[in-house]
Each structure stands twice: as structure tokens, then as C-alpha cells.
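S.K.:
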Amino acid sequence: MKILGVTSCPTGIAHTYMAAEAILDAAKAKGHEAKVETRGSVGVENELTDEEIKQADAIIVAADTDVPMERFAGKRVLEVSVSNAIKDAAGLIEKALKAPIYGKSGDTYDEVQKIKAQRAQERKGAYKHLMNGVSFMIPFVVAGGIAIAISFIFGYDAASNEGTLPAYLMAIGGGSAFALMVPILAGYIAYSIADRPGLAPGMVGGMIANTMGAGFLGGIIAGFLAGYIVLAIKKYIKLPKNLQGIMPVLIIPVLGVISTGLILFYIVGTPVAAINAAMNNFLVNMQGTNAIILGIILGAMMAFDMGGPVNKAAYTFATGTLTAAAGVGSTVMAAVMAAGMVPPLGLALATVLFKDKFSPAEKEAGKAAWVLGISFITEGAIPFAAADPLRVIPSIMLGSAVTGALSMLMGCTLSVPHGGIFVTFAVTNILGYVIALAAGTVITAFAIGFLKKSE
Amino acid sequence: MLINQNLIALNLDSTTKEETIRKMAQMAADEGRVEDIEEYVKAVLRREEEFSTAVGFGVAIPHGKTDAVKEPLLAFAKVNHIEWGAPDGKPVNMVFLIGVPESQAGTEHLKILANISRKLMKQEFRDSISNAKTAEDILKVLKEI
């Protein structure tokens, strides 16, 4: 690790240098590389360079005077009094390595957005392609699901009266937005694999998967199929230079679309449709113990890595059940969203109930966690989990598992894939849903209170 | 020279923080380093009020930056367990008093003080000061800086 420090005291004669020495010694003892900038009466010595700051894992600012801070934006920065560094430099190094990212706003919400963006960038391979498809699909599912949910407000079969508002809403949501979900999913999986030429074969493949009844699962397969077929065409079909212009407008679209379509019709479409039907059947008929077990597993997955691959796997599965449910709502989606809301909510509650177990910065982050939680942004729990993973992650998994199980047990359904408490109108058995959410939140908070030591 | 034999007291007779600072300031005044002893003591105590200059390990480094100081000075005294509000709660038995003129032009002295401050964090350095039997020994240890 590379640790940087800045020390400064009001008179700038003694403590500045003692603190610097303490940090250097403690870092050396732990085997870290370290450099400390001293801002004393001699002036600024050992000034940190931009390059050093860029490479640093953590920065300790032990100062009782103003220190220029803008240069540390984006790094883990711990700010303390100079006497803290003399007292316990070793402890400060540990804390600094887990310190929040210093930013111009220094806001938890921004930090969470940064983590989300960073994770999106770090995605690799098939997971990255799938997530690209899912992220393009989500707006269609949200808009469609909400249009359908509003239509249902007029009565369960209000949409059957042609030419009425509920009928139009159903046509917008179910007939159009939902119809585009699987093609968009497949299209943007292929886009992620093969770039722009992948889009057309992918979308057409998704459309075929839809009509064959292969649904969400078929769409994923169509997307990957189309993407890799286009890659293969680009690699193996070589045209003379003067004809290369027709590759993207003629050769790739025609060959890509037709071959993807034929493979779906002749080979993979039918078995995938059968699997899809069986899975939907299983989910629709699932009750009692099986439902609870599924709720527990999905709930724990949602909390496990807070927006990472495991969380996304559970979430993608739930979104798939939603497309299969075609607007009437899915118990799995309901359980997954509730379970994904619990980690930030439980932590926020814990910062209120167990004030002495959280640092002032964490208590501040707790306030943001309420907002992130009700918005179904599970990543809101990351600042806490990063600081104390072994206590926080089991606690949130426990709470989310309970919420997932309760939501499944009480048969709550949800017809949209995102939105947190702002889409409660798309939830059936809202009372049960609130109970499931509250139970998980309280259990998470108490588990953390029980496991976490006082600051 | 920042420090000389007359600025070292191997067994300073005092019972409080203020008395210690006052007596050591007197040593400095007797050497002609401090012009206005009242003003200097006030500056040092004001600095103590911000937070204690006791740094743990039985060491305190009271210091003042004021024009009441004519020439940069370092004074050292061994004292008998004086309560100094140290972060580790231990009483102080080694005191380094530092004085610097406000309008200090050269930074050479400040650099030496910075070095002593750094050294104070080392167990080895504290031990050799602590084990020194005579003022000469202490001067020798400090000169090695």
C-alpha cells in the first residue's frame, strides 16, 4: 500500500514533525510505502506531487491548520487533528485505508453513483453483455409496467373496453413497451458483443424468441447468438477493398439476421420455449415452502454484494419473471425489490438506534442511506460494508433473506422492476409488503447492533 | 548554538506545568535569549491551552513563537513526574522548552527543532536522553542530530 500524509500544527515547530515521523514509522512497521508533507514554520517540505497522490491508496491529513485539499479529490482521505497522529498513527493508517472518498461534495449519494459507474466499467465478458442488455431493457419494463398498473386501477378488466383510457394504457404498456422488452434485451446484448452491426440481428432474434414463446431466456440466447454470429461474419468474410463498403449495410445485416433467425427456428427456439414455459409454470404455481426458500435465496443474493454480479443475477432473474408475467405482477420481482431495499434501510436504522457504534461520517451516510433504500439502490449499503464487511454483510443478508421470504410467503406481487416506494401502486398486498420490508429492516439493524463493536 | 550547558537542568525542582515553564524560561532569560520573560511565558502557556504539548512517553515540548524571544532557544529539564495532560495520561519527566522569535528570518534553527521533534518519536533517542547522567552527555546526544 502507498500511504501519504500531510501534517501541520498552529505554531508549526514541533507537532508537525512529530506527527510526520509517527506516520512514517507506523507505515514502515506495517510494510507500507509512505511519504509525509510537513507544513511547518520552515515552510512546506516534502510536498506531495500529483503523481504520488494519484498512486496513493490512502491519505492522512493530520492538521490543525488549513491544508489545500482539492488535490485529494477522488482519494480516500482521513482528516484528523495533528495530535491524533502522534497518539495513534497505526490506527489512523487502518482507518484511512477505509476512509470515504474525498470529493468536491463528499456526498454519500455521489459516492454510491461513482461506485455504480466503476462497477459497470469493471464488468467483463458475458456478464457485461448481459448487463448491457438488461440496462437498456429496464426503461421499457418500468414504463410498460406502470402503464399497465395504472390501467388496472380502473378495474381488472377495464382495458377490455376498446377506445377507453385503460385500454390505451394497456396498449401502451402491455401491447408496445412490453412487446419491445425482449427484442431490446437481445439487441443490446448483441450490441455489447459486436458493436453497432450486432443490433439488428439481436433485435430480430429477440422478436423471434418472443413469438416462439421463449421469452426472456430465449431473448438472452438470441442476443448472444446474434452477437457472436456477427463477430464471426466480420472475422471470416473478407471482401475486396472496393466492396468493403457494403459489409455494414448489406452483408452483415442480411447474413446476421437470417442466420440468427434460422438457428432460433430450427434449433434452439423450441427447447428454450419449453424450458421457459416450465419455469413460468413452476414460478406461478410455487407456494409454501418452495416459495419461501426461493425468497430466502434471492433475498440473500440481493444483499450479498449490493449491486454486484450476484445481486444482478437475482435481479435479472426477477426481471425475467416479470416479462413472463406480462403485466400482472410477479412475486419474485416483489421479493427481490424489497430485499434490495433492506440493506441501506437497515443500516440507516442502525445508525439511529446504535449511535455509539458508528463514526460521525457513517451517521451522515446513514441519512443518505434512507433515501437510497427507499429508492431501491442497494449500493447505498456499500460505504458501510466497505468499512466493516464481516459484520455488515451477514447482517444485511439476514435481513434481506427474511424480507424475501416474507414477501413470497404473503404472495405480494410487483409489476415493475424498479422504483422502490415510488411504485407501491404497482404492488399487490401492500400491507404484507410493508410488513416484509419493515421486518427485514429491523432485523438488519439489530443484527448490526449486536455484531458491531462500539466506536 | 540553540542549547548549551546552562540551558540544561538535570533535576529541576518544580511541581506544576506552569512552574516548570517559568523556571526554564528564567534559565533562558539568564542566558540572554529572552527579552521579556512574562511575554514569553504567556505565549508558551497560550500554546498549551490550545492543546497540551505533552506528547506521551513522559515527554513534553512546550514552545512559544514571540518577539519576546531574542535568539532561538532550546532548553531541557528532567523533572519529577509532572501532570501535563498527556494523551497517554502519563506524567511528564522530560521537558524540551522551545523559543523562536516571531520574525525569525533564518530557518536553520527551525529545521533543527523540526529534527529534534522527529527524533523524539524514536524510542532509542528518548532512551539516550533519559539515560544521560550529565549535561555534557545530553549535549552530545542532541548534537548528533
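Chains H and D, in that order, give the protein sequences. Counting from 1, one number per residue, gives the positions in the first sequence under the numbering used here. Counting from 456, one number per residue, gives the positions in the second sequence under the numbering used here. All residues carry an ideal CB built from backbone N, CA and C; glycine is no exception.
For D/P527, which residues in chain H fall below 8 Å Cβ to Cβ?
M.R.: By Cβ distance, chain H contributes nothing, its closest Cβ being about 10 Å from D/P527, past 8 Å.
S.K.: For chain H, is any of its Cβ atoms less than 8 Å away from the one on D/S572?
M.R.: Yes, its Cβ sits closer than 8 Å to a Cβ of chain H.
S.K.: Look at D/Q565 and H/S41 and say whether their C-beta atoms are less than 8 Å apart.
M.R.: Per the sequence shown, the amino acid found at residue 565 of chain D is Leu instead of Gln. For D/L565 and H/S41, yes; Cβs fall inside 8 Å.
S.K.: The stretch 37-70 of chain H: which residues have C-beta closer than 9 Å to a C-beta of chain D, in chain order?
M.R.: Residues T38, G40, S41, V42, G43, E45 and D64.
S.K.: Count Cβ pairs between the stretch 523-532 of chain D and the stretch 547-560 of chain D that sit closer than 8 Å; are there 3 or more?
M.R.: Yes: at least three Cβ pairs fall under 8 Å.
S.K.: Kindly indicate if chain H contains any beta-carbon less than 8 Å away from that of D/I458.
M.R.: No, D/I458 lies away from the interface with chain H (no Cβ there is under 8 Å from its Cβ).
S.K.: Beta-carbon within less than 7 Å of H/L255's beta-carbon, same chain only, minus the 5 sequence neighbours each way: which residues are those?
M.R.: Counting only Cβ-Cβ distances below 7 Å, and skipping sequence neighbours, we find I233.
S.K.: Hey, is the stretch 366-383 of chain H in contact with the stretch 338-350 of chain H, meaning 3+ C-beta pairs nearer than 8 Å?
M.R.: The stretch 366-383 of chain H is in contact with the stretch 338-350 of chain H.
S.K.: Within 8 Å, do at least three Cβ pairs link the stretch 507-516 of chain D to the stretch 431-445 of chain H?
M.R.: The answer is no - the stretch 507-516 of chain D does not touch the stretch 431-445 of chain H, with fewer than three Cβ pairs under 8 Å.
S.K.: Under 8 Å: do the stretch 304-317 of chain H and the stretch 270-277 of chain H share three or more Cβ pairs, one atom per stretch?
M.R.: Short answer: they don't touch.
S.K.: Are there 16 or more other CB atoms within 10 angstroms of the CB of H/S330, so buried, or fewer, so exposed?
M.R.: H/S330 should be labelled buried.
S.K.: By how many angstroms is the C-alpha of H/L165 removed from the C-alpha of H/V332?
M.R.: Distance between the alpha carbons of H/V332 and H/L165 is about 29 Å.
S.K.: Is there a Cβ of chain D sitting closer than 8 Å to that of H/K28, yes or no?
M.R.: It does not; no Cβ of chain D falls within 8 Å.
S.K.: When you compare only the Cα positions, how much space is there between H/A190 and H/P183?
M.R.: Their backbone Cα atoms lie some 11 Å apart in a straight line.
S.K.: Is there a C-beta anywhere in chain H that falls below 8 Å from the one on D/H536?
M.R.: Cβ-Cβ to chain H under 8 Å: no for D/H536.
S.K.: How about H/N280 and H/A324: are their beta carbons less than 8 Å apart?
M.R.: Taking 8 Å as the Cβ cut-off, H/N280 and H/A324 qualify as a contacting pair.
S.K.: Using the beta-carbon of each residue, which ones in chain H are nearer than 8 Å to D/M576?
M.R.: Chain H residues near D/M576: M18, E21, A22, D25 and I86.
S.K.: Under a CB-based cut-off of 8 Å, is D/G513 close to chain H?
M.R.: False, the Cβ-Cβ gap to chain H never drops below 8 Å.
S.K.: Determine whether the Cβ of D/E505 lies closer than 8 Å to any Cβ atom of chain H.
M.R.: It does: the Cβ of D/E505 has a partner Cβ on chain H nearer than 8 Å.
S.K.: For the putative contact between H/G269 and H/G227, defined by C-beta atoms under 8 Å, what is the C-beta separation to the nearest angstrom?
M.R.: Contact doesn't hold; Cβ gap of about 17 Å is too wide.
S.K.: Give, in chain order, every unbroken run of the beta strand (DSSP E) that is at least 3 residues long and sits entirely within the stretch 19-83 of chain H.
M.R.: Fully enclosed beta strand (DSSP E) runs of 3 or longer: 33-40, 43-45, 58-63 and 77-80.
S.K.: Going by Cα to Cα distance, which pick from D/P542, D/V555, D/D543 and D/P546 is closest to D/D522?
M.R.: D/D522 has its Cα closest to that of D/V555, out of D/P542, D/V555, D/D543 and D/P546.
S.K.: Excluding the 5 residues preceding and the 5 following H/A365 in the sequence, name in chain order all residues of the same chain whose CB lies nearer than 6 Å to its CB.
M.R.: T108 and P383.
S.K.: Excluding sequence positions up to five away, which residues of its chain have a Cβ less than 7 Å from the Cβ of D/A587?
M.R.: I593 and V596.
S.K.: Alpha carbon to alpha carbon, how far is H/V423 from H/T413?
M.R.: Approximately 12 Å between the Cα atoms of the pair.
S.K.: Quick check on the DSSP output: what are the complete alpha helix (DSSP H) runs of length 4 or more inside the stretch 289-350 of chain H, in order along the chain?
M.R.: If we require 4 residues or more, the alpha helix (DSSP H) runs fully inside the stretch 289-350 of chain H come out as 309-325.
S.K.: Keeping to the same chain, check which residues put their C-beta closer than 6 Å to that of H/A387; ignore five residues upstream and five downstream.
M.R.: Contacts found: K98.
S.K.: Looking only at its own chain, which residues have a Cβ that is under 7 Å from the Cβ of H/V67, when we skip the five neighbours before and after it?
M.R.: Contacts found: V6, S8, R39 and V61.
S.K.: Below 8 Å, how does it come out for the stretch 424-436 of chain H and the stretch 128-137 of chain H: are there three or more Cβ pairs, yes or no?
M.R.: Flag = no, the stretch 424-436 of chain H and the stretch 128-137 of chain H do not touch.
S.K.: Of all the CB atoms in chain H, is at least one closer than 8 Å to the CB of D/V510?
M.R.: Cβ-Cβ to chain H under 8 Å: yes for D/V510.
S.K.: Does the contact criterion of 3 or more C-beta pairs under 8 Å hold for the stretch 83-90 of chain H versus the stretch 41-55 of chain H?
M.R.: No: fewer than three Cβ pairs fall under 8 Å.
S.K.: In chain D, what lies closer than 9 Å to H/S83 by C-beta?
M.R.: Here the neighbours are F506, S507, V510 and P542.
S.K.: Measure from the C-beta of D/V615 to each C-beta in chain H and report whether the shortest distance is under 8 Å.
M.R.: Since the displayed chain D opens at 456 and closes at 600, residue 615 of chain D lies outside it and no answer follows.
S.K.: What would DSSP say about D/H518, mapped onto helix, strand or coil?
M.R.: Strand.
S.K.: If you drop the 5 nearest sequence neighbours on each side, which residues of the same chain put their C-beta closer than 6 Å to that of D/T508?
M.R.: The answer, listed in chain order, is A515, I516 and P517.
S.K.: At 7 Å on the CB atoms, spell out the chain D contacts of H/T11, in chain order.
M.R.: The answer, in chain order, is R502, H518 and K520.
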